[in-house]
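Take a look at the structure below.
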Amino acid sequence: MSFLPPTELLSQIVTGMIQRVYHKELVFTDVEPSWGSHIINSLDVHGDVESACSRLHYNSVTKILWVRLMPTEIHACHQLWLRNENFNWMASGQLTLEELKALRILVGITIRTFKPPYDKSCKEPDLFIRPGEQRLPSVVVETGWSETYPRLQSDVDLWLLGGKPYVKVVMLLKWTLVEDSKVEGSIEVYSRDLTGIPARRQSEIVFPANQGGQNACLHLTRGELFGEVDTPGRDQNEVFNLSLDDLRAVAGNAMQHMRLSPA
4 MSFLPPTELL
14 SQIVTGMIQR
24 VYHKELVFTD
34 VEPSWGSHII
44 NSLDVHGDVE
54 SACSRLHYNS
64 VTKILWVRLM
74 PTEIHACHQL
84 WLRNENFNWM
94 ASGQLTLEEL
104 KALRILVGIT
114 IRTFKPPYDK
124 SCKEPDLFIR
134 PGEQRLPSVV
144 VETGWSETYP
154 RLQSDVDLWL
164 LGGKPYVKVV
174 MLLKWTLVED
184 SKVEGSIEVY
194 SRDLTGIPAR
204 RQSEIVFPAN
214 QGGQNACLHL
224 TRGELFGEVD
234 TPGRDQNEVF
244 NLSLDDLRAV
254 AGNAMQHMRL
264 SPA
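Take the sequence shown: its position 155, counting from 1, is numbered 158 in our numbering, and each next residue is one higher.
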């Protein structure tokens with residue numbers, strides 16, 4: 004949907020948020036940065052939508068504003084996965100308790116402190132890791148059904164360029180509903196290459212599990228996890244693994260609550 008006046012656009016978003024009864028995404032294109040910023044500010048203080056279960060996103064470069072209403076179980080399964088992996092790192096001795104406390108895992112928090120030309124953008128990511136007092140995340144995780152996935156991909160530049168140098172890694176989870184209530188899944192990992200350009204560095208199949216690698220893992224370094232926060236005496240190239248089998252377990256459980264099953 005495009006070319007709506009700001010007041011009408013805001014009205015449609017508010018109506019959709021108030022009347023939410025199921026998962027839905029509202030998408031508006033060609034939203035000028037001055038409009039997008041105004042709309043996000045208005046929604047932040049709008050009494051009728053304060054308690055709405057939603058995620059707000061605005062990219063001032065692509066000029067796309069979209070709102071996710073009523074995220075589902077599958078949109079949240081990675082939260083348990085990441086928290087479990089953090090505890091596994093501590094149990095294995097890779098993280099101390101103090102280091103674990105410094106890696107703050109947050110969900111749906113509004114982030115606006117991007118660099119130009121993304122400075123009027125707004126993101127409420129599905130999960131992010133913010134180390135210490137760093138103002139932006141070091142690692143971001145976003146998730147969506149296949150129909151919405153192109154929007155997540157287009158926002159990779161927002162994170163890795165607009166969030167430079169703080170944002171080190173972006174992970175994108177894609178879920179695809181296929182026949183007989185089966186769900187396919189995949190995950191992509193993005194970071195900046197040696198020239199500073201965002202690039203995909205890893206792609207793995209989550210479901211069907213037999214098409215993914217056995218005991219496959221995603222890989223993060225200590226430097227990526229802790230971003231600009233110093234960890235004296237520690238090797239910044241130390242590798243931290245994220246188990247895909249563990250992701251499959253929590254995602255499969257989430258699907259059961261939605262009367263779905265892994266492909």
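Glycine residues also receive a C-beta, built at the ideal position from the N, C-alpha and C atoms.
(message) If distances are taken between C-alpha atoms only, which option among R107, K123, T146 and K104 comes closest to V209?
(response) Within the sequence shown, the letter at position 206 stands for residue 209. Closest option to V209, Cα to Cα, is T146.
(request) Can you tell me which of the three DSSP states S149 falls into? (result) What you label residue 149 is simply residue 146 of the sequence shown in a count that begins at 1. It is coil, neither helix nor strand.
(request) Assign Q239 to one of three DSSP states: helix, strand, or coil. (result) As a working mapping, residue 239 is identified with position 236 in the sequence shown. Note: Q239 maps to coil in three-state DSSP.
(request) Using beta-carbon positions only, say whether G135 and A94 come within less than 9 Å of one another. (result) Position 132 of the sequence shown, counting from 1, holds the residue named residue 135. Position 91 of the sequence shown, counting from 1, holds the residue named residue 94. Contact: no.
(request) Would you mind sorting A254 into buried or exposed? The rule is 16 or more other CB atoms within 10 Å of its CB. (result) Translated into positions along the sequence shown, residue 254 becomes position 251. A254 is buried by the Cβ-count criterion.
(request) Verify whether the separation of the beta carbon atoms of V144 and D129 is less than 9 Å. (result) To locate residue 144, count along the sequence shown from 1; it is residue 141. To locate residue 129, count along the sequence shown from 1; it is residue 126. It is a contact, given that the beta carbons lie within the stated cut-off.
(message) Using DSSP's beta-bridge definition, name the partner residues of A202.
(response) As a first step, residue 202 is located in the sequence shown; it is residue number 199 there, counting from the start. DSSP lists S194 as partners of A202.
(message) Please report the straight-line C-alpha distance between S246 and S194, rounded to a whole angstrom.
(response) As a working note, residue 246 is residue 243 in the sequence shown. As a working note, residue 194 is residue 191 in the sequence shown. Taking the straight line from one Cα to the other gives about 19 Å.
(request) Please state if the CB of P140 and the CB of L109 are separated by a distance shorter than 9 Å. (result) Within the sequence shown, residue 109 is the residue found at index 106, counting from 1. Within the sequence shown, residue 140 is the residue found at index 137, counting from 1. Their beta carbons are under 9 Å apart, which means L109 touches P140 by this criterion.
(request) Take Q259 and list the residues in its own chain whose beta-carbon comes closer than 8 Å to its own, dropping the five residues that flank it on each side. (result) In the sequence shown, the residue the question calls residue 259 occupies position 256. Here the set comprises nothing.
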